[in-house]
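Number of protein chains: 2
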Amino acid sequence: MAFHKKEEFGKKEQELAEVAKALSHPARIAILKVLAQKNECICGEIVDVLPLAQSTVSQHLKELKNAGLIEGTLDGPRSCYCINWKAFEKFTAGINSLFTNLKAKNEKACC
Amino acid sequence: MAFHKKEEFGKKEQELAEVAKALSHPARIAILKVLAQKNECICGEIVDVLPLAQSTVSQHLKELKNAGLIEGTLDGPRSCYCINWKAFEKFTAGINSLFTNLKAKNEKACC
DNA sequence: TTCTATTATCGTATATTTACGATATAAAAT
DNA sequence: ATTTTATATCGTAAATATACGATAATAGAA
């Protein structure tokens, strides 16, 4: 009944999984969409758009920040978030690199 | 104390989140890596490589299959899995499409 | 200073995930 | 027909995630 075996895997796998986990909730995808659409940094406008309580949105923002997908600075009573594009590029590149060497060969599937 | 609000978001967000969730555990990333490296379809070789019990690996395979990232066919006592490349392409394209219109403008960050 | 507005954190209930062993299933081998 | 082998499923315990309201914190306005 051991648990939490995640650290027994490779660093690369863990990092990819961590980012994927941050992306694994529609609310967080929606938050990223809002941040991308409004070019300026947003704060509580996100709360107005999502069907969630303010505290829940704040929690989701924290998870996105911990995963490195967004950056945020406190600016008095209001905070300012923006997307970290490099983290996204790193993620998609990481996913692709798992397969690049074989992607072409496998087009016709297997079983 | 309502729960499971995921269905209140858009279909696109839900689909992206679902795939991301399947990718959100290092064991499943590792499984995909193995499936990609061995060009032929694998089954219990995965169990030998991972630090997990057979039943746990089977569970992870099921989740990857449910998310559409792999395909599997039963072949007697042994089963045959392979990667569904199209699902990956759809996923990365979906992630990128959240931002494409603004990606260039934002390079210099915000706050 | 006191009030207001905005965001973060705490506490908590419920849901889901993760992992395992035990058991079922199903084809091949003996 | 029985055994072996490979995989899936069931049951279950512990961990984590999700959501909310209540509360703290912090800067600006009155």
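Residue numbers (the working numbering), protein chains in the order written: chain A, 409 to 519; chain B, 409 to 519. Here a beta-carbon is modelled for each residue, glycine too, at the ideal position from N, C-alpha and C.
Within chain A, partners of residue i - CB distance below 7 Å
i	result
B:H468	Simply none; closest approach about 11 Å.
B:F417	P434, A435 and A438
Buried or exposed (CB count within 10 angstroms, at least 16 for buried), residue i
i	result
A:H433	buried
B:L424	buried
A:K516	At A:K516, the pLDDT of 48 sits below 50, so the modelled position is not reliable and the matter cannot be decided from this model.
A:A435	buried
A:F417	buried
A:L482	exposed
Beta-carbon neighbours of residue i, restricted to chain B and to distances below 9 Å
i	result
A:N504	F496 and T500
A:Q422	P434 and I437
A:A475	Result: empty, since nearest Cβ-Cβ is about 10 Å, beyond 9 Å.
A:A425	L431, S432, H433, P434, A435, R436 and I437
Integer-rounded CB distance, given that residue j should sit under 8 Å from residue i
i	j	result
A:G480	A:Y489	4 Å
A:L548	A:I491	As shown, chain A starts at 409 and ends at 519. That puts residue 548 of chain A outside it, with no answer to give.
B:V427	B:F499	5 Å
B:E421	A:I437	4 Å
A:L472	A:A430	6 Å
B:L506	A:A444	6 Å
Same chain, Cβ closer than 8 Å to residue i, neighbours up to 5 away in sequence not counted
i	result
B:K446	E453
A:M409	With a pLDDT of 45 at A:M409, under the threshold of 50, the predicted position of this residue should be treated as unreliable, and no value is reported.
B:N474	A430
B:R486	C451 and G452
Chain A residues whose Cβ lies nearer than 9 Å to that of residue i
i	result
B:L460	K413 and E416
heavy atom of the ligand PLP below 7 Å from residue i C-beta
i	result
A:Y489	As for the ligand PLP, it is missing from this structure, which has no ligand bound.
Contacting residues, own chain, Cβ-Cβ under 7 Å from residue i (five flanking each side not counted)
i	result
A:C449	C488, Y489 and C490
Alpha helix (DSSP H) segments (min. 4 residues) lying fully within the region 462-493 of chain A = You should have 462-474.
Please specify which runs of the alpha helix (DSSP H), each continuous and at least 4 residues long, are wholly inside the region 412-464 of chain A, giving them in chain order.
-> Those alpha helix (DSSP H) runs which fall completely within the region 412-464 of chain A and span 4+ residues are 419-430, 434-445 and 453-457.
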